[in-house]
Amino acid sequence: RVITLSSNVLNNYNANEVVQEIVGHLDNYSFPDGVSYKMTGEQEEMAETMAFMGKAFLIAALLIFMILVLQFNSTSKPFIVLAEIVFSVIGVLIGFALFKMEMSVVMTGVGILALSGIVVRNGILLVEFTDMLIAQGMELRAAIIEASKTRMTPVLLTAMAATAGLIPLAVGFNIDFVKMFTELNPHIFFGGDNVAFWGPLSWTMIFGLIFGTILTLVLVPVLYLLVAKLKVKVFKRSLVPVAEETTPATAH
Numbered sequence: 045r046v047i048t049l050s051s052n053v054l055n056n057y058n059a060n061e062v063v064q065e066i067v068g069h070l071d072n073y074s075f076p077d078g079v080s081y082k083m084t085g086e087q088e089e090m091a092e093t094m095a096f097m098g099k100a101f102l103i104a105a106l107l108i109f110m111i112l113v114l115q116f117n118s119t120s121k122p123f124i125v126l127a128e129i130v131f132s133v134i135g136v137l138i139g140f141a142l143f144k145m146e147m148s149v150v151m152t153g154v155g156i157l158a159l160s161g162i163v164v165r166n167g168i169l170l171v172e173f174t175d176m177l178i179a180q181g182m183e184l185r186a187a188i189i190e191a192s193k194t195r196m197t198p199v200l201l202t203a204m205a206a207t208a209g210l211i212p213l214a215v216g217f218n219i220d221f222v223k224m225f226t227e228l229n230p231h232i233f234f235g236g237d238n239v240a241f242w243g244p245l246s247w248t249m250i251f252g253l254i255f256g257t258i259l260t261l262v263l264v265p266v267l268y269l270l271v272a273k274l275k276v277k278v279f280k281r282s283l284v285p286v287a288e289e290t291t292p293a294t295a296h
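This note's numbering numbers the first residue of the sequence shown as 45 and each following residue consecutively.
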């Protein structure tokens with residue numbers, strides 16, 4: 045026998061918090077033998093969605109890793125680039141926590157997947173240019189500094205352009221183009237139902253881009269240098285031309 049109980053959540057109450065409170069009371073209740081409970085409905089769908097998004101994120105990360113291995117012909121440099129994704133997700137969580145915004149499992153997950161591509165692209169720009177400078181004979185630290193300075197403008201412009209394009213979607217900027225041209229009344233307003241749908245995705249990418257851009261210019265050069273030094277120490281040979289502090293000999 046199955047008994048189904050359903051209820052709507054009152055305004056100004058968070059559905060997840062209400063469910064957690066109900067589950068807390070049910071866990072402390074002693075059910076007779078053969079009696080159990082299961083949360084279905086929206087909570088069950090949310091759990092299934094989270095599981096799907098988790099699998100999608102792992103598959104995307106694996107595909108990105110394989111492509112980076114083929115591009116760089118290295119297994120260490122892809123980890124440098126992929127580290128940006130992890131810290132960008134942390135930036136997303138910090139952004140939502142600071143501004144006390146509600147997260148949507150689906151749209152936030154889609155935003156993280158889209159964010160991963162942009163963040164990885166910025167990392168590739170920096171790592172690839174550093175490799176090119178080293179191949180031309182430049183010293184490791186000098187190559188990292190020069191690559192960071194040279195690629196700073198493209199990375200910042202990419203982040204600024206993407207962020208500027210997402211802000212109208214995040215705040216729900218609406219304009220009626222038909223009435224603007226026919227009646228000269230654009231009927232501009234902010235908000236609406238589309239904010240609840242597209243807002244979490246937009247803010248996810250905005251927070252991640254701001255945090256990820258800073259990390260691209262700081263974290264990637266540091267990790268590149270650490271990985272290069274680690275290779276020298278582990279393999280006991282200079283895999284990259286690391287500069288040594290030596291005093292040049294003077295001929296007399």
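For glycine and all other residues, C-beta sits at the position ideal for the given N, C-alpha and C.
Q.
Distance check for I188 and A179, CA to CA, integer angstroms please.
A. Taking the straight line joining both Cα atoms gives about 12 Å.
Q. To which residues of the same chain is F217 closer than 7 Å at the C-beta, ignoring the five residues directly before and after it?
A. F234, listed in sequence order.
Q. Which residues in the same chain have their Cβ closer than 8 Å to the Cβ of V62, if we skip the five residues on either side of it in sequence?
A. The answer, listed in chain order, is V53.
(Q) Is the beta carbon of G135 closer than 9 Å to that of G256? (A) G256 is a Cβ neighbour of G135, given a cutoff of 9 Å.
Q. Does the Cβ of E289 have 16 or more other Cβ atoms within 10 Å, making it buried, or fewer, making it exposed?
A. Confidence in E289 is poor, its pLDDT being 42 and thus under 50, which makes the residue's placement too unreliable to answer from.
Q.
Here's the rule: buried if 16 or more other CB atoms are within 10 angstroms of the residue's CB, otherwise exposed. What is A191?
A. By the neighbour-count criterion, in which a residue is buried when 16 or more other Cβ atoms sit within 10 angstroms of its Cβ, A191 is buried.
Q) With a cut-off of 9 Å, does the C-beta of D175 fall near any C-beta of chain D? A) Within the model displayed, chain D is absent; a lone protein chain is all it includes.
Q) When DSSP labels each residue in this structure, what does N60 get in the three-state scheme? A) Helix, per DSSP.
Q | Top-ranked residue by Cα proximity to I250, from S120, A59, G139 and E86 | A | Nearest C-alpha to I250 among S120, A59, G139 and E86: G139.
Q) Can you list the alpha helix (DSSP H) stretches of 4 or more residues lying completely in the segment 166 to 218, in chain order? A) As summarised for the segment 166 to 218, the continuous alpha helix (DSSP H) elements at least 4 residues long and confined to that stretch are 184 to 215, given in chain order.
Q: Leaving aside the five residues before and after H296 along the sequence, list all residues of the same chain whose C-beta is less than 8 Å from its C-beta, in chain order.
A: Here the model assigns H296 a pLDDT of 46, short of 50, so the residue's position is not dependable, and the following value carries that caveat. Taking C-beta separations shorter than 8 Å and ignoring five residues to either side along the sequence, H296 has no partners in its chain.
Q. How big is the Cα-Cα spacing for I232 and I129?
A. C-alpha of I232 to C-alpha of I129: approximately 36 Å in a straight line.
Q. In terms of DSSP beta bridges, what is F233 paired with?
A. Answer is N218.
(Q) Restricting to Cα atoms, I'd like to know which of A186, M196 and V154 is closest to F96. (A) Of A186, M196 and V154, the residue nearest in Cα terms is V154.
Q) Taking C-alpha atoms, which residue in N72, L201, A240 and M196 lies nearest to L261? A) For the residues N72, L201, A240 and M196, the minimum Cα distance to L261 belongs to M196.
**Q.** Residue span of the alpha helix (DSSP H) that contains E88, given as start and end
**A.** Going by DSSP, E88 is part of the alpha helix (DSSP H) stretching over E86 to F116.
Q. Straight-line CA distance for I258 to A186?
A. Cα to Cα, the separation comes out at about 20 Å.
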